[in-house]
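First residue of the sequence shown? That's 1 in the working numbering, and the numbers climb one at a time after it.
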Amino acid sequence: MSVVTLIPGDGIGPEITQSIKDIFAAAGADVQWDEQLAGQVALDKYGELIPQTLVESLKQHKVGLKGPISTPIGKGFKSINVSLRQMFNLYANIRPGKSIKGVETPFTDVDVVIFRENTEGLYSGLEIWDEKNQIADALNRISYKGSERLLRAAFEYARKHGRKKVTIVHKANILKLSSGLFLKVGLEVAKEYPDIECEERIVDNMCMQLVRNPGMYDILASTNLFGDILSDLVAGLVGGLGVTPGANIGDDLAIFEAVHGSAPDIAGQNKANPTAMLKSALMMLHHLGQGNVADRIEKALHDTLAIKEECTGDMGGRCSTTTFTQNVINKL
Ligand code: NAI
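Here it is in structure tokens:
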């Protein structure tokens with residue numbers, strides 16, 4: 001039995017994590033949940049955004065499944081998501097974007113895995129005002145070590161999963177030191193993997209290439225902010241944020257979560273699509289060595305997604321979160 005720290009999160013988080021619990025129970029996944037709060041809900045209940053009990057639970061179980069957590073825009077507390085990634089050194093954010101049979105999109109051949117550096121770069125939120133609050137600076141710290149471990153993880157993944165190519169995405173023509181360092185490290189690491197093709201792309205060109213010819217790309221490795229933006233772009237190519245999973249991986253701890261946020265516009269309405277969360281949970285099952293159950297659930301999920309009427313509104317269907325969940329369970 002694997003024990004997993006479950007963070008339901010807020011917004012649509014509790015609804016979609018309930019869906020995962022129901023599907024796992026029906027499929028007989030060998031997982032026990034240790035449920036923990038984080039973010040505003042934890043602050044309201046325990047007076048802490050990241051309670052010590054959550055930290056201890058993650059340290060003990062080493063695997064977490066996390067629902068989305070809201071971050072106030074332009075004010076308030078630092079993102080809990082970013083804090084957890086930095087606190088546990090979850091340096092590789094892995095976000096697969098793969099076409100799903102039956103899900104209508106302009107392309108049918110997308111199979112891209114994004115490796116996004118998860119602990120540094122412009123996304124770290126290291127910002128300062130000048131003394132008159134008229135100029136704001138943000139620090140784009142890129143380190144050799146931080147870049148190397150992410151890029152190595154991307155090449156190792158390519159080798160392990162029989163993938164052919166890693167594309168290093170950067171802006172080294174302008175950010176010659178920071179993005180330049182990431183590119184330099186990537187080209188160095190690539191030399192150790194002569195069996196994997198390596199190429200580089202400037203990030204703006206990469207976006208254009210992806211919307212025209214996504215089938216040309218395999219694994220993309222990039223810094224934190226570029227990786228974040230690229231992964232929403234790729235999500236859009238395969239059916240949207242409702243279907244795109246993610247994993248935050250460190251050397252000895254992993255937290256799995258969907259790419260999307262807490263979707264406050266549909267929270268509490270039983271409308272959210274739990275697919276992205278479920279796919280993240282399936283990545284977790286593979287990580288836990290329960291690949292057989294994961295494959296069985298994935299088949300039921302894809303069989304459901306192939307029937308539009310059985311899907312949630314964002315996929316063109318009319319089902320609620322709970323009905324969609326039951327549709328998947330019926331196909332197990
Ligand atoms: P969002 O991903 O929450 O929503 C963007 C759009 O996609 C909305 O129209 C929403 O209804 C839709 N959407 C997202 N997930 C969906 C799902 N599962 N099913 C159906 N529709 C879905 O992004 P937004 O609005 O930029 O952020 C809202 C909050 O979420 C913010 O506080 C943000 O900081 C937080 N956030 C948290 C993340 C995390 O916990 N990992 C990641 C991204 C954002």
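The beta-carbon is built from N, C-alpha and C at its ideal position, and this holds for glycine as well.
Asked                                                                                                  : Found
Nearest residue (CA-CA) to Ser280, options Pro264, Lys75, Ala247, Gln40                                : Ala247
Same chain, Cβ closer than 7 Å to Lys317, five either side skipped, listed in chain order              : Before going further, note that residue 317 is Gly rather than Lys in the sequence given. So the qualifying residues of the chain are Lys308, Glu309, Glu310, Cys311.
Uninterrupted alpha helix (DSSP H) stretches inside the segment 198-243 (no shorter than 4 residues)   : 203-212, 224-237
Contacting residues, own chain, Cβ-Cβ under 6 Å from Val41 (five flanking each side not counted)       : Asp10
Closer than 5 Å to the ligand NAI: residues, by C-beta to nearest heavy atom, in chain order           : Pro68, Ile69, Ser70, Thr71, Asn81, Leu241, Gly242, His260, Gly261, Ser262, Ala263, Asp265, Ile266, Ala272, Asn273, Asp314
Whole-number beta carbon distance between Ser19 and Leu278, since they are thought to touch under 8 Å  : 7 Å
Exposed unless 16 or more other CB atoms sit within 10 angstroms - verdict on His161                   : exposed
Option nearest Ala306 by Cα separation, candidates Gly239, Ile202, Gly67                               : Gly239
Option nearest Tyr157 by Cα separation, candidates Asn292, Leu84, Ile128, Ile196                       : Ile196
Cβ neighbours of Ala294 in the same chain (closer than 7 Å, five flanking residues each side left out) : Leu282, Leu285, His286
Residues that DSSP places opposite Thr53 in a beta bridge                                              : Partner(s): none; Thr53 has no beta bridge.
First through last residue of the alpha helix (DSSP H) which encompasses Arg95                         : Unbroken run through Arg95 is the beta strand (DSSP E), 92-98; no alpha helix (DSSP H).
Proximity of Ser222 and Arg116 at Cβ, strictly below 8 Å                                               : yes
His260 in three-state terms, based on DSSP                                                             : coil
Per-residue DSSP class, three states only, for Ser2                                                    : strand
Residue from Asp204, Leu37, Tyr144, Ile229 whose Cα sits closest to the Cα of Ile80                    : Leu37
Integer-rounded CB distance, given that Thr5 should sit under 8 Å from Ser57                           : 4 Å
Identified DSSP bridge partners for Glu127                                                             : Ala138
Cβ neighbour criterion (16 or more within 10 Å) applied to Asn133                                      : exposed
Cβ distance (whole Å) where Ser70 is taken to contact Asp30 below 8 Å                                  : Their Cβ separation, rounded to whole angstroms, is 32 Å, which puts Ser70 and Asp30 out of contact at 8 Å.
Beta-bridge pairing of Lys66 - partner residues as DSSP gives them                                     : Ile7, Glu257
Environment of Gly64 [buried if 16+ CB atoms lie within 10 Å]                                          : buried
Three-way DSSP call (helix, strand, coil) for His161 in this model                                     : coil
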